[in-house]
Structure formats: structure tokens, C-alpha cells
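Data block below; observations after.
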Amino acid sequence: MMKIVKLLWSNLIIRNLIFIAIATGCIILGVMVWLNNYTRHNEAIAVPDLRTMQVNAAEQALSRVGLKYEIIDSVYTKEVAPGAIVEQTPEANSKVKKGRTIYLTTNASSVQTFPLPDIEEMSQRQAVATLRAIGFKIDSVSYVHYEYKDLVVGVRYKNRPVKKGDNIPVGSRLVVLVGDGYASAASNDTIPGESATDTDKIDKVSQEWMQ
């Protein structure tokens with residue numbers, strides 16, 4: 010047997026064929042390993058539904074499938090628990106690659122407030138659009154005596170007058186006071202539809218009822 014092996018090995022052609030066969034086998038094996046790793050690397054992962062989860066639970070769910078997360082914003086809503094996830098990008102069941110970052114919006118632990126913008130003398134349409142863009146809701150538009158029709162002359166929250174800069178919870182329902190085009194006999198120093206006494210109270214209203 011050894012003589013046969015030595016005889017074959019001494020043949021240059023046979024020896025080269027053996028080398029070629031070994032090299033070919035190594036190349037094929039290497040390609041198979043690379044293809045396997047490449048396929049797994051590009052394998053699509055379904056994004057889990059993280060909405061209403063707390064962040065620590067969401068982190069575990071993402072870690073199990075090889076995904077990461079980043080909190081980019083917080084809002085306030087009564088529909089989910091404080092600290093829970095409200096929105097996610099990409100959305101649940103989207104197909105992504107391993108290692109992708111999922112961007113989260115969480116529910117704030119307290120009501121978010123925003124200062125009332127200066128909307129007096131704005132048109133009704135512009136003022137309503139401005140308030141809604143911030144996140145306020147318009148409960149109604151109330152017309153009061155004022156010589157310029159459809160211009161905003163004041164805002165009420167919880168049946169109380171509010172002024173520019175007052176912090177109001179986002180999502181609150183506001184009443185917008187708009188001129189009806191008829192001049193009032195009241196002094197120009199008072200808000201149309203309000204008495205002078207009510208106007209004087211505006212600067213003294215406690216912030217406690219806004220909380």
C-alpha cells in the first residue's frame with residue numbers, strides 16, 4: 010500500500026491533481042461558510058409591538074431579537090401609564106436588519122404645559138391653527154362685542170380668562186373669544202365681553218387651577 014502511495018506521489022501530475030482537489034475543497038468550504046454568515050447577517054427581523062410597554066420591558070424584547078432602542082421624545086396622554094411607550098419608529102411588524110435602532114416616544118409622568126402664545130389681534134383661523142399646532146383643543150369660538158370682526162380678543166380656560174405667557178396643560182380645551190364687528194360701549198381697557206373688574210383680575214389669577 011505504501012509503495013502505491015509513494016508511486017502516486019512521485020507522479021507530478023497526480024500530485025498536482027491532489028493539490029488542486031484540496032484547494033478546491035477549501036474554496037468551496039470557505040464560500041459555504043461566507044454565504045451562511047452573509048445570509049444570517051441580512052436576515053430580516055420583525056419589529057415587536059412595544060406600545061404600552063414600559064421601557065425596561067421593551068429593552069428586553071428588543072434585545073432578544075438583536076435590536077437597539079433610543080428614546081427621542083415624550084408626550085402626555087391619559088390613555089397609557091406614565092413612562093409607557095406611546096409611539097415607535099419603525100412600526101410594529103416592520104422588517105429590519107439585526108442591530109437596527111428603534112426610536113421610541115414615551116408617556117410623560119406629569120402633564121406637559123405650554124405658555125399661551127400671543128394670539129390677540131390674530132384672525133380667528135390663524136389663532137385656532139396656532140393653538141391646535143401646539144396641542145391645545147378648541148372647545149368653542151365665542152363672539153363678543155368688538156369693532157373688528159373675526160379678530161381674536163381673548164382666551165378662556167376652565168371658564169377663566171388667560172393671557173399670553175400663562176402655562177396651560179397641553180391638550181386642554183380652550184374657548185377663543187372673537188370680535189363680532191360691533192363696537193362695545195365698554196372702555197377700551199377692558200376685554201370685550203368682560204367687565205373692568207374681571208379684566209383687573211387676569212393678572213392676579215393663581216396658577217394653581219391650571220395644574
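Residues in the sequence shown are numbered from 10 upward in steps of one, following the working numbering. We put the CB at the ideal spot given by N, CA and C, even for glycine.
- Alpha-carbon spacing of Lys146 relative to Ala136, whole angstroms: Our two residues, Lys146 and Ala136, have alpha carbons roughly 12 Å apart in a direct line.
- Specify, as a first and last residue, the run of the beta strand (DSSP E) that Gln97 falls within. 94-98
- Query: When DSSP builds the beta bridges, which residues end up paired with Lys173?
  - Reply: Answer is none; Lys173 lacks a bridge partner.
- Task: Closer than 6 Å by C-beta to Val120: which residues in its own chain qualify, once you throw out the five before and the five after it? Chain order, please.
- Result: Tyr85, Pro178
- Message: Taking only three categories from DSSP, how would you classify Ser149?
- Response: strand
- Query: So Leu71 packs on Pro57, CB below 8 Å; how close in whole Å?
  - Reply: Contact holds; Cβ gap of about 7 Å.
- Message: Helix, strand or coil, according to DSSP, for Ile128 in the structure here?
- Response: coil
- Query: DSSP state of Asn168, grouped into three classes?
  - Reply: coil
- Message: Assuming contact is defined by CB atoms lying nearer than 7 Å, are Lys122 and Ser83 in contact in what I supplied?
- Response: It is Thr, not Lys, that sits at residue 122 in the sequence shown. Result no, Cβ atoms of Thr122 and Ser83 do not sit closer than 7 Å.
- Could I get the ranges of all uninterrupted beta strand (DSSP E) runs contained in the stretch 51-109, with 3 residues as the minimum, in chain order? 53-55, 77-84, 94-98, 104-106
- Task: Can you give me the start and stop residues for the alpha helix (DSSP H) that Val137 sits inside?
- Result: 133-143
- Check whether the stretch 179-188 touches the stretch 157-168, taking contact to mean three or more Cβ pairs, one atom from each stretch, closer than 8 Å. yes
- Report the three-state DSSP secondary structure of Gly180 (helix, strand or coil). coil
- 8 Å Cβ shell around Ile54 - same chain, five flanking residues per side excluded: Val74, Gly75, Leu76, Lys104, Val105, Lys106, Lys107, Arg109
- Query: Hey, Ala93 and Met62 are a contact pair by Cβ (cut 8 Å); roughly how many whole angstroms apart?
  - Reply: 7 Å
- Just the C-alpha distance for Ile111 and Ala66, rounded to the nearest angstrom, thanks. 14 Å
- In three-state terms, what does DSSP make of Asp198? Note that Asp198 scores 47 on pLDDT, short of 50, meaning its location in the model is unreliable and no value can be drawn from it.
- Sort Glu100, Asn25, Arg165 by Cα distance to Ile128 and report the nearest one. Closest by alpha carbon: Arg165.
- Same chain, Cβ closer than 8 Å to Ala90, neighbours up to 5 away in sequence not counted: Thr61, Gln63, Asn116
- Grab me the residues of Val171's own chain with a C-beta within less than 6 Å of its C-beta, minus the 5 sequence neighbours each way, in chain order. Leu125, Val164
- Item | Nearest candidate by alpha-carbon position, reference Pro99, set Glu156, Leu59, Asp189 | Closest option to Pro99, Cα to Cα, is Leu59.
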